[in-house]
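Trainee: Starting off with a structure, shown below.
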Amino acid sequence: TMTYIIAEPCIDIKDRSCVDVCPVDCIHEYDRVLVIDPEECIDCGACVPVCPVQAIFPMEELPDKWKHFTQIEADWYNKKK
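Counting from 71, one number per residue, gives the positions in the sequence shown under this note's numbering.
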């Protein structure tokens, strides 16, 4: 499955428009950024167009400069277990 990653533009913004439109409530606050739970996400993409800072990317399209955000999501995921 494709997963979405929330990248650097979200830091300290945390607008939460994405949370409002998410049909499965898979977006969570973690430190200074929002993260998407890859197990809960249904890959609908509803969050992408509503982000006011364009911080949400399909993992395959995540710009190289923000690849480390996959690790931030993984760190959150491992802490939640």
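Here a beta-carbon is modelled for each residue, glycine too, at the ideal position from N, C-alpha and C. Given the structure is predicted, the values throughout are model-derived calculations rather than measurements.
Just the C-alpha distance for V91 and W146, rounded to the nearest angstrom, thanks.
Mentor: Residue mapping note: residue 91 aligns to position 21 of the sequence shown, counting from 1. Residue mapping note: residue 146 aligns to position 76 of the sequence shown, counting from 1. Each residue's alpha carbon lies about 21 Å from the other.
Trainee: Distance, Cα to Cα, Q141 vs I76?
Mentor: The count along the sequence shown starts at 1 and reaches residue 141 at position 71. The count along the sequence shown starts at 1 and reaches residue 76 at position 6. Whole-angstrom Cα-Cα distance: 11 Å.
Trainee: Suppose contacts are defined by Cβ-Cβ distances below 7 Å. Is P133 in contact with Y74 by that definition?
Mentor: Translated into the one-based positions of the sequence shown, residue 133 becomes position 63. Translated into the one-based positions of the sequence shown, residue 74 becomes position 4. No, Cβ-Cβ distance for P133 and Y74 is not below 7 Å.
Trainee: When we look at the beta-carbon of V94 and count the other beta-carbons within 10 Å, is it buried (16 or more) or exposed?
Mentor: Taking the first residue of the sequence shown as position 1, residue 94 is located at position 24. Label assigned to V94: exposed.
Trainee: Does the beta-carbon of E143 have 16 or more other beta-carbons within 10 angstroms, so that it is buried, or is it exposed?
Mentor: Position 73 of the sequence shown, counted from the start, is the residue given in the question as residue 143. E143 should be labelled buried.
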